[in-house]
Structures are given as structure tokens and as C-alpha cells.
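Just so we're aligned: 54 in our numbering is position 53 of the sequence shown, and the numbers increase by one with no gaps anywhere.
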Amino acid sequence: MTDGYTESTIEVAGLPIQVLRGGEGPSVLVIHHETGNPGWLEFHNALSGRRDVILPTLPGWDGTERGDWMRSVRDLAAICSLLLDELGVGDVTVVGLGFGGYIAAEMATANQSRLSGLVLVNAVGLQPEDGEIRDQFLE
2 MTDGYTESTI EVAGLPIQVL RGGEGPSVLV IHHETGNPGW LEFHNALSGR
52 RDVILPTLPG WDGTERGDWM RSVRDLAAIC SLLLDELGVG DVTVVGLGFG
102 GYIAAEMATA NQSRLSGLVL VNAVGLQPED GEIRDQFLE
């Protein structure tokens, strides 16, 4: 792993969002899984060789402020979209890992025209047509 990235804090909807960012090329937003942001990994390093990798820590994870108004996955998806606005990123590929896949899918349903690609890795929370599903956000 290298230090080929920058770390900054961006205010989004009144919340401070920690963002790791590195690389050049088309933008890729990587949304972490339910266990939090693991930091800049070799995976991010490899991607940053040909992409602008954006890795935020979502509000409420890793000791960060959540905001009283945040009640759903849709709210987290909105925060991610607003973060992209603040960073001046238009067209983006979104990679969602685990719970981040749920958020990425919500982003795609809310604003398809912004996403050039969607990658869901072991995504949770997607509603099947039949049956029930556990809502981790409410636990």
C-alpha cells in the first residue's frame, strides 16, 4: 500500500465527511461495507492506477456523526450524491461493498443518468420480489 491518496473532510448537509481520494481518470465512488471504512487498501491502490478513486467514510460509521435526520438507506444514498456534487464529480461508477451495495443500488434508482456504471459486491438489503428481508439499518 502507498500513500498515493489525499485525505480531506468535506461538509455535506451539515455533516463532516472524511474522504480518501487518489488516482486520475474516470471517477469511481467506493462505498464501504457495514463494518466501516477499512482505509486505503491495495484494492483502492490498484484502482487508482487508472481511476480517480473516492472513498468516503459514511456518516455514523467509525465514530463519525450520523445526524438526527438520517433514518434510511435512501438518506445515505442522498449523502453520497451530495458528496459527489461537493467534489464536482458528474459521471461516476459506483462500487458498493456489502451494505454499501444497498446504498449504491439506491443511488442508481434515484439518479441513473449520473452513473456510468454500478458494481455490487456481496450486496445486502436488496428487496426480493417474494419473501422477507432483514433491515440492518433499523437494528
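Virtual Cβ for every residue (Gly too), placed ideally from N, Cα, C.
*Going by the beta-carbon positions, is the gap between M108 and V95 smaller than 8 Å?*
Along the sequence shown, read from residue 1 onward, the residue named residue 108 stands at position 107. Along the sequence shown, read from residue 1 onward, the residue named residue 95 stands at position 94. Yes. Within cutoff.
*Using the Cα positions of T3 and L127, report the straight-line distance between them to the nearest angstrom.*
Within the sequence shown, the letter at position 2 stands for residue 3. Within the sequence shown, the letter at position 126 stands for residue 127. Only weak support is given to the placement of T3: the predicted model assigns it a pLDDT of 49, under 50, and the question is left unresolved by the model.
*Nonlocal neighbours in the same chain, by C-beta distance under 6 Å from V120, ignoring five residues either side*: Your numbering for residue 120 matches position 119 in the sequence shown. Same-chain partners within the cutoff: V96.
*Tell me whether G149 sits in a helix, a strand or coil according to DSSP, three-state version.*
With the chain covering only 2 through 140, there is no way to say anything about residue 149.
*Looking at the structure shown, is M2 part of a helix, part of a strand, or coil, going by DSSP?*
The sequence position of residue 2 within the sequence shown is 1, counting from 1. Confidence at M2 is low in this model, with a pLDDT of 42, below 50, so its placement is unreliable and no value can be given for it.
*Tell me where the alpha helix (DSSP H) around D63 begins and ends.*
For the purposes of this step, residue 63 is identified with residue 62 of the sequence shown, where counting begins at 1. Here D63 belongs to no alpha helix (DSSP H), and DSSP marks it neither H nor E.
*Quick one, which of I32, Q113 and G23 has its alpha-carbon nearest R51's?*
For the purposes of this step, residue 51 is taken as the residue at position 50 of the sequence shown. Relative to R51, the option among I32, Q113 and G23 whose CA is nearest is G23.
*With C-beta atoms as the reference, is D53 less than 8 Å away from G26?*
Position 52 of the sequence shown, counted from the start, is the residue given in the question as residue 53. Position 25 of the sequence shown, counted from the start, is the residue given in the question as residue 26. Contact: yes.
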